[in-house]
Structures are given as structure tokens and as C-alpha cells.
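Visitor: Below is the structure I would like to discuss, written out as C-alpha cells.
Chains as they are written, first to last, in my numbering: chain A, 453 to 770; chain B, 516 to 790.
What follows is the structure, encoded as C-alpha cells:
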């Protein structure tokens, strides 16, 4: 068996007499792309005009924007928006994984129920679902805890209690909707993992659940994470639809309550946009690092990392 | 490879000590396998004894790989019986009645049978040494430290001491296949199955994989190998079978089947492969 160490290979390449020294690179006068310069100038001119017309527009009322941007009232709304986003995404991710596994199950009842759930929640607009959950008290006057069809009841509560806690309605509406989308993402991720991976794991004596947990899901994550990142960004913005419930449960709802009374519509919309853009930018950066983590073994950066680990191991051996 | 030969031979020797060589390691009795209406295996009878290397030859689609996958129960057989090390694979027999085994019992049976695949199937999200350690740690619950030492030994023996911390994507095909062999050996299997281990390799990398397999065979490992490498079969095999159309056309020692075959089908196949 011939074994080349890294150093040996390099030495061989450098000392090879058949390879001549690298010649000088070609020097030529590059083509002038006049069209590019012209189109760039036109676009800059138009964009500048657009930005100027907006920034200088008196209706935007920049002093009002600055006044509301860091107001405690806005910040508490922003915190509620963030909380709603993450709780709804957590409900969605957990529910979605359960639904995906049900959908892939050999049990026909489980896969059909999962299919029907996804069919309903993907087939109706989330805006309608939010209003539906907001009016759940009309449909059910009381909620009972007991065994259905038997008349056995452990306790019950007035549905009005739920409706008065708009945050619960919001989490239900957004989380249950998200679960349907997440289910399809997780399912696609699981299917994308090469069947040879499970076969290799099974042939090593790993049980099916262990194979799913140690081999399939970590590789599925590489596919799921980027799309889940998109879903999170999308969810952040979808929370603004909760304004329709009217209680000001999140930032946009709260801003709306203000401008409905003060008619400072434009400045407050600008405040909302600034915060949404800020948070989506931060989320995009976070997504980059998550992808790097779950992309282990696929990137080019791995070569350096491997060299570092090898050096460490060699140091330990000595 | 000669420097490593002693190493792998030692693995084989330490495994073979506990094996009764009078009982077949693999025994197939009238094994049938069909996919829908297509019969892929039509009554296979086969016996492979401990420390033997048995080579399955034949054209693509003839059923060789399917037979291999039936041996470790990756495929369920439709009729017949299949034993590995005296145990019925995938079923428990009580009187005349067969009971399907639970997946964890099947997993225990599979842990005695190593398998090497044509497309390597290394875990891409784990480094070479992590690939080798994965199963001992999570299936056999070997302590981390010991699993690491043993994995390092195995990878050293297949000539990859300087590639321990590298991900599969950074390895050549031949190197990946050698990691795959080390990974299977880490479970200390009684039997090794090879499913066309060199078919996906560049020609110049085939040798390094075959060398490891030869050392393993010399060391007394029981092996069933699906391959098109006639030279390997001649040099190493104790038994050879030609499978075509789901049946064993001819079987016997390599110097009979490969040198002076009795069946026309075998002659035709060999003339094409050796041409």
C-alpha cells in the first residue's frame, strides 16, 4: 500500500523536473463596457430620485418616526412579536415533525389524518384562520375535558376565557398553520436522504429509531434548516396579520391602534418597516451560522478544520 | 499493504477462535425472493463455511446483490429458509410456526454481519473515525475512549492513519471504501458481505481495496463477495457460484468453475468478462 503524506505529495510536485516555471500572465487592453456604465448611471439616477422623494416627503413626518421608534410602547410590541414568532415556530416545528412522521408511517389511519390536516391548513388562508380562531367562542361556548361520547367530564371552562387571552388565540392560529407547512418541509428533508444511508446504518445493527435519530434526521436537517429559516422570517411578518384581532397583541397591531386615533399612518408604518427589516436581517445572519453547523462534512472549510484536528491528535500521540 | 497484512490477519484470527468450523456460517435453503410479480431469486441453495471466502459472479440483474441483501435481512425472503451462524434470519421458529422478529432483534442479528456497499454509504456528516465509532458506541455501548482506540487501530490497519479526522467528501473512492470496511469490522462481525465493493472505483484505486479484502480473507474472516473481479476470485475464493436468472447456474471451487466450467452459461459469462 502506498501512502502519501501531505508533505510528500507537495515535495514531489515542487521537485518535478518536467514542470516548467509559471510563465507571465497575458497583458491585453480590456474591452470597455460602455453600456454597463450608462445603465448603472440611469439606475442610480432613478433610485436617487425615488429615495429623495420619499425622504423629503412631509407626510412621512420623520420626527414622529424617531419619537415612536424607541418608545417603550413600540418595544413591548416588538418583544411580543418576537415571542409570538418563536413560540409559533416551536409549535410548528414540533407539530410538523410529528405530522411528517405520521405521514410517512405505514399505518394508513395515521398517514390519512396527517394528510387531511395538511390539506385543511394549507388550503385555507392564514388570515381567515386567524379570524376563525378569534371567533372560536361563537362555535364552542364551553371547553370540556373528558372522554368524548361517554359523557364523562373532568372539568370545563368558559370559552370566553380563551378569547380574552388573545395571545393564546394567536399562538394557536399561527402555530397550527405553521405545523402543516413544516410537516411538508420535514418530510421532504427525510426523503432527500439517500436510502443507502439507512441501509448502511441498519446493516451496522442500528435499530430503525436509532437510525432515524443519529443518521437520517441530522442529514435531513441540512435540507430543512434553510427552509425553516425562511419560514421563521415569513412568520415574523405574518404575525402582523394578528392586527385583525384588534387587541394589539403584537407590534403592528399596537401601531395600528395608535394611527387609527392620530392619523399618523405613514410615520408609524415606517416605524414598523424599520423594525421588521432589522429583525429579518438579524435572522438571516443567524440562519447562515445554523446552515454552516448542519452542513458539516460538505463544505470546503472542512479541509482546514480536519488539518487542525489531525495536528491535535498527533500532539496527543507524542 | 504487506506491512498491514499482519494487522488484519490478526483481526480475523481473534474472531475465528470462537467459531465452530463444521457448521455453515451461511445456509440458504430454497430461497425465493420476488418484487411484485418479478421473481428475482428462484430457489437458491447455498452453504458458506466459516473462514471461507465465497464469490458470487453473474450478470447484472441476475440476483447476486439481492441474495446478499437477503442474507442480512435488508430484504425479506418470500419462501425458503436462511440461517446465519445457525440463527434463522429475521424469524423465530416455534414448532412449525414462524414469528416475525421485532426490529431490535433483527438489529442484533445484523450486528453480527458486516456489509460493504458498492457506493460506500459512509455517513457524510461524520469524520472517518466517527463513522467507525458510531455503531460500537451506540449499538454495543462500548465506552467512548475504547471505541476511539479501536477505531484508530482499524483505520491504521487499512492504511488511513493520517485520515482519521477527515470527512468522507475529502477522501478518494478507494479511501472511502477502506473506511467503510473498517466501519463494518468495528462491530467485530462473524461474517462480512461485500456488494460489488470495487465497481464504483477508478481502475487505479481497485487494487488498494482488494488488498484489504485479501488480507481479511487470509486472516480467516468468513466472506461472501459479489464482484466482477475474476482475478480476485481465482486468487482468494474457496468457492464460487455463478448466479443468473435467479438461480445458481454452477458452483464449485474457483479452479473448476473459472478454469474449466461445465455449463455453457458460465463459459459465455467468463468469455465476456475476461474479453
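Built from N, CA and C at the ideal position, the CB exists for glycine as well.
So the candidates are 741/B, 747/B, 626/B; which of them puts its Cα closest to the Cα of residue 726/B?
Guide: Position 211 of the second chain holds residue 726/B. Selected option, being the one with the closest Cα: 747/B.
Visitor: Beta strand (DSSP E) containing residue 569/B: first to last residue?
Guide: The sequence position of residue 569/B within the second chain is 54, counting from 1. Here the beta strand (DSSP E) through residue 569/B covers 568-572.
Visitor: Within 10 angstroms of the Cβ of residue 730/A, are there 16 or more other Cβ atoms? Answer buried if so, exposed if not.
Guide: Walking along the first chain from the start, residue 730/A turns up at place 278. In summary, residue 730/A is exposed, with fewer than 16 beta-carbon neighbours lying within 10 Å of its beta-carbon over all protein chains present.
Visitor: To the nearest angstrom, report how far apart residue 557/B and residue 730/B are at their CA atoms.
Guide: Counting from 1 along the second chain, the entry for residue 557/B is found at position 42. Counting from 1 along the second chain, the entry for residue 730/B is found at position 215. The alpha-carbon atoms of residue 557/B and residue 730/B are separated by roughly 34 Å.
Visitor: Hey, does residue 743/A have any beta-carbon neighbour from chain E nearer than 9 Å?
Guide: No chain E appears in this structure, whose protein chains are A and B.
Visitor: In chain order, what residues of the same chain lie with their CB nearer than 6 Å to the CB of residue 638/B, ignoring the 5 residues before and after it?
Guide: For the purposes of this step, residue 638/B is taken as the residue at position 123 of the second chain. So the qualifying residues of the chain are 646.
Visitor: How far does the beta strand (DSSP E) with residue 671/A in it reach, from first residue to last?
Guide: Position 219 of the first chain, counted from the start, is the residue given in the question as residue 671/A. Looking at the DSSP string, residue 671/A is not in any beta strand (DSSP E); the run it does join, the alpha helix (DSSP H), is 669-690.
Visitor: With a floor of 3 residues, list each beta strand (DSSP E) that falls wholly inside the segment 728-768 of chain B, ordered by position along the chain.
Guide: 737-741, 754-759, 762-767
Visitor: Take residue 590/B and list the residues in its own chain whose beta-carbon comes closer than 8 Å to its own, dropping the five residues that flank it on each side.
Guide: The residue labelled residue 590/B in the question sits at position 75 within the second chain. Here the set comprises 548, 581, 584.
Visitor: For residue 606/B, go through chain A and note every residue whose CB falls closer than 7 Å to its CB, in chain order.
Guide: One-based indexing of the second chain puts residue 606/B at position 91. Going along chain A, no residue has its Cβ under 7 Å from residue 606/B, so there is no contact; the nearest lies around 17 Å.
Visitor: Here's a check: name, in chain order, each residue in its chain whose Cβ is nearer than 6 Å to the Cβ of residue 441/A, leaving out the five neighbours to either side.
Guide: Since the first residue shown for chain A is 453 and the last is 770, residue 441/A is missing from the structure and cannot be characterised.
Visitor: To be precise: take each residue of the segment 654-688 of chain A, compare its Cβ to all Cβ atoms of chain B, and keep it if any distance is under 8 Å. Which residues remain?
Guide: 654, 655, 656, 657, 658, 659, 660, 662, 666, 667, 670, 671, 674
Visitor: If distances are taken between C-alpha atoms only, which option among 488/A, 672/A, 609/A, 478/A comes closest to residue 553/A?
Guide: Against the first chain, residue 553/A aligns to sequence position 101. Ranking 488/A, 672/A, 609/A, 478/A by Cα distance to residue 553/A puts 672/A first.
Visitor: Can you find the residues in the same chain that come closer than 8 Å, C-beta to C-beta, to residue 772/A, ignoring five residues on each side of it along the sequence?
Guide: Only positions 453 to 770 of chain A appear in the structure, and residue 772/A is not among them; the question remains open.
Visitor: Measuring alpha carbon to alpha carbon, tell me which residue in 500/A, 720/A, 599/A is nearest residue 519/A.
Guide: As a first step, residue 519/A must be located in the first chain, where it is residue number 67. For residue 519/A, the nearest C-alpha among the options comes from 720/A.
Visitor: If residue 591/A and residue 608/A are in contact, beta carbons under 8 Å, what's the gap, nearest whole angstrom?
Guide: Locating residue 591/A in the first chain gives position 139, where the first residue counts as 1. Locating residue 608/A in the first chain gives position 156, where the first residue counts as 1. That pair is no contact at about 15 Å.
Visitor: May I ask you to report which of helix, strand or coil DSSP gives residue 549/B?
Guide: Indexing the second chain from 1 puts residue 549/B at position 34. Of the three classes helix, strand and coil, the one that applies to residue 549/B here is strand, per DSSP.
Visitor: Can you look up residue 556/B in the DSSP assignment and give me helix, strand or coil?
Guide: Stepping through the second chain from its first residue, residue 556/B is reached at position 41. Strand.
Visitor: Kindly indicate which three-state DSSP category residue 520/A falls into: helix, strand or coil?
Guide: Residue mapping note: residue 520/A aligns to position 68 of the first chain, counting from 1. Of the three classes helix, strand and coil, the one that applies to residue 520/A here is helix, per DSSP.
Visitor: Rounded C-beta distance between residue 627/B and residue 704/B? I'm assuming under 8 Å.
Guide: Here residue 627/B corresponds to residue number 112 of the second chain, with the count starting at 1. Here residue 704/B corresponds to residue number 189 of the second chain, with the count starting at 1. So it is a contact: roughly 6 Å between Cβ atoms.
Visitor: Could you check how far apart the C-beta atoms of residue 691/B and residue 683/B are, in whole angstroms? I think they sit under 8 Å.
Guide: Stepping through the second chain from its first residue, residue 691/B is reached at position 176. Stepping through the second chain from its first residue, residue 683/B is reached at position 168. The pair is a contact, with the Cβ atoms about 5 Å apart (cut-off 8 Å).
Visitor: Between residue 788/A and residue 732/A, what straight-line distance do the alpha-carbon atoms span, to the nearest angstrom?
Guide: Since the first and last residues shown for chain A are 453 and 770, residue 788/A lies out of range.
Visitor: Would you mind stating whether residue 767/B and residue 699/B have Cβ atoms separated by less than 9 Å?
Guide: The count along the second chain starts at 1 and reaches residue 767/B at position 252. The count along the second chain starts at 1 and reaches residue 699/B at position 184. No. Outside cutoff.
Visitor: Relative to the alpha-carbon of residue 538/A, which residue among 697/A, 610/A, 705/A, 681/A has its alpha-carbon at the smallest distance?
Guide: Residue mapping note: residue 538/A aligns to position 86 of the first chain, counting from 1. The shortest Cα separation from residue 538/A among 697/A, 610/A, 705/A, 681/A belongs to 681/A.
Visitor: Between residue 588/B and residue 605/B, is the Cβ-Cβ spacing less than 9 Å?
Guide: Translated into the one-based positions of the second chain, residue 588/B becomes position 73. Translated into the one-based positions of the second chain, residue 605/B becomes position 90. In terms of Cβ geometry, residue 588/B and residue 605/B form a close pair [threshold 9 Å].
Visitor: Does DSSP classify residue 614/B as helix, strand or coil?
Guide: In the second chain, the residue the question calls residue 614/B occupies position 99. Looking at residue 614/B - three-state DSSP - the assignment turns out to be strand.
Visitor: Identify the residues that DSSP records as bridge partners of residue 609/A: which are they?
Guide: Your numbering for residue 609/A matches position 157 in the first chain. In the DSSP assignment, the residues bridged to residue 609/A are 595/A.
Visitor: Specify, as a first and last residue, the run of the alpha helix (DSSP H) that residue 447/A falls within.
Guide: No answer is possible for residue 447/A: the residues shown for chain A start at 453 and end at 770.
Visitor: Following the continuous alpha helix (DSSP H) through residue 648/B, name the residue where it begins and the one where it ends.
Guide: Reading the second chain from its first residue, position 133 is the one you call residue 648/B. Segment 643-653, the alpha helix (DSSP H) holding residue 648/B.
Visitor: Contact criterion: CB-CB distance below 9 Å. Does residue 680/B meet it with respect to chain A?
Guide: For the purposes of this step, residue 680/B is identified with residue 165 of the second chain, where counting begins at 1. Interface residue, yes.
Visitor: Got a sec: is the Cβ-Cβ distance from residue 458/A to anything in chain B below 9 Å?
Guide: Translated into the one-based positions of the first chain, residue 458/A becomes position 6. Summary for residue 458/A: the model assigns pLDDT 44, below 50, so the residue's position carries little reliability, and this model does not support an answer.
Visitor: Could you give the distance in angstroms between the alpha-carbon of residue 714/A and the alpha-carbon of residue 699/A?
Guide: Translated into positions along the first chain, residue 714/A becomes position 262. Translated into positions along the first chain, residue 699/A becomes position 247. When rounded, the distance between both Cα atoms is 17 Å.
Visitor: Under 7 Å, CB to CB, which of the residues in the segment 754-768 of chain A have a partner in chain B?
Guide: For the segment 754-768 of chain A, which is checked against every Cβ of chain B, the residues closer than 7 Å are 754, 755, 758, 761, 762, 765.
Visitor: Just to confirm the assignment: which complete alpha helix (DSSP H) runs, minimum length 4, are found wholly within the segment 509-567 of chain A?
Guide: Taking only runs of at least 4 residues, the alpha helix (DSSP H) segments lying wholly in the segment 509-567 of chain A are 514-521, 524-556.
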